[in-house]
Amino acid sequence: MPIAASFRRLALAAAFGLAAGLAASSPASAHPHVWITAKAELAYEAGRVTGIRHAWTFDPEYTAFLTQGLDANGDGTVSPEELQGSAKEHAANLAEFAYFTKLKVAGKEQAFAEPQEARMAMEGGKLTLSFLLPLKTPTAQGRGVAAVEIYDPTYFIAFSLAEGADALRLAGAASGCSMTITRAKNTEPAVASAGQSMTEAMFEALTAASNYGEQFANRAIVACP
């Protein structure tokens, strides 16, 4: 099933409190339904923030859900060519969800242009979608800070940063820039064990303006001299 279509189903389910079609990837009784392990790179050029490069690895169950129908030649495996054929479309359709990304530079929220360099790859039974998310207007950071947040406001999708120091990186930043990372409050096992209290009924009670998932956001603050 195309990633774009599945994300639309996630958004509709969040809006109407439904979990139809998601039972194959996770228990229908609790949020989140999808786990994504994320890496990101904040890109700079000549002192300006130019964009974010994302790499999102889906959990094995949801990988199987997403790749249904992608084996065009029927050989039982999904080839790089079969994945690449739809990667650009999938990344572009994430605009509907603001790419699950917020970026402020010097206190001003930034707008993103269309994603570029979209790729999909399969490794170890997990699908990774990567893409460059350029700013519509590259913005000078100066002595202000750049602040990045990665999360799903509805908490249908749980974003967790990859382990290690390269989970969030700077590319092309000036010498002396430093980054402070705040990881999401939970890890997959912790939320899974607590999931029974996070029922669909609870999420049905939230309004469209609710931002429940913000408490599970991954954040980075970049300061430059």
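For the sequence shown, the residue numbers in mature numbering (1 follows the signal peptide of the UniProt record, and there is no 0) are -30 to -1, 1 to 195. Glycine is no exception: its CB is placed at the ideal position from the N, C-alpha and C atoms. Source: prediction; values computed, not measured.
Check whether residue i and residue j have beta carbons under 8 Å apart
i, j, result
"Glu102", "Gly21", "It should be noted that the sequence gives Leu, not Glu, for residue 102. Contact flag set, yes."
"Ala88", "Lys58", "yes"
"Val75", "Ala141", "no"
"Lys78", "Pro30", "no"
"Phe129", "Ile120", "yes"
"Thr27", "Ile6", "yes"
"Pro108", "Val19", "yes"
"Arg113", "Glu11", "no"
"Lys106", "Ala91", "no"
"Gly183", "Thr124", "yes"
"Gly146", "Pro195", "yes"
"Gln111", "Lys155", "no"
"Pro85", "Ala68", "no"
"Asp41", "Glu52", "yes"
"Leu64", "Val118", "no"
Terminal residues of the alpha helix (DSSP H) in which residue i lies
i, result
"Leu36", "30 to 36"
"Glu52", "50 to 63"
Residue i, enclosing beta strand (DSSP E) - first and last residue
i, result
"Gln80", "Looking at the DSSP string, Gln80 is not in any beta strand (DSSP E), and its letter there is neither H nor E."
"Pro108", "96 to 110"
"Glu119", "115 to 120"
"Thr150", "148 to 152"
"Ser130", "127 to 131"
"Glu11", "4 to 15"
"Ala193", "188 to 193"
"Thr71", "71 to 75"
"Ala42", "Element bounds for Ala42: n/a, residue is neither H nor E."
"Ala137", "Careful: Ala137 lies outside any beta strand (DSSP E) and carries neither H nor E."
Selected residue, minimal CA-CA separation from residue i, among the options
i, options, result
"Thr47", "Ala132, Glu93, Glu11", "Glu93"
"Ala132", "Thr98, Lys106, Ala8", "Ala8"
"Glu66", "Asp122, Gly134, Gln185", "Asp122"
"Ala137", "Gly146, Thr71, Ala25, Phe186", "Ala25"
"Leu144", "Phe35, Gly39, Gln80, Glu15", "Reading off the sequence shown, one finds Ala at residue 144, where the question assumed Leu. The shortest C-alpha separation from Ala144 is found at Glu15."
"Asn181", "Val4, Phe70, Gly44", "Phe70"
"Ser100", "Ala81, His60, Gln80", "His60"
"Phe35", "Val4, Ala81, Gln80", "Val4"
For the structure I just gave you, are there three or more beta carbon pairs, one from the region 142 to 152 and one from the region 184 to 195, closer than 8 Å? yes
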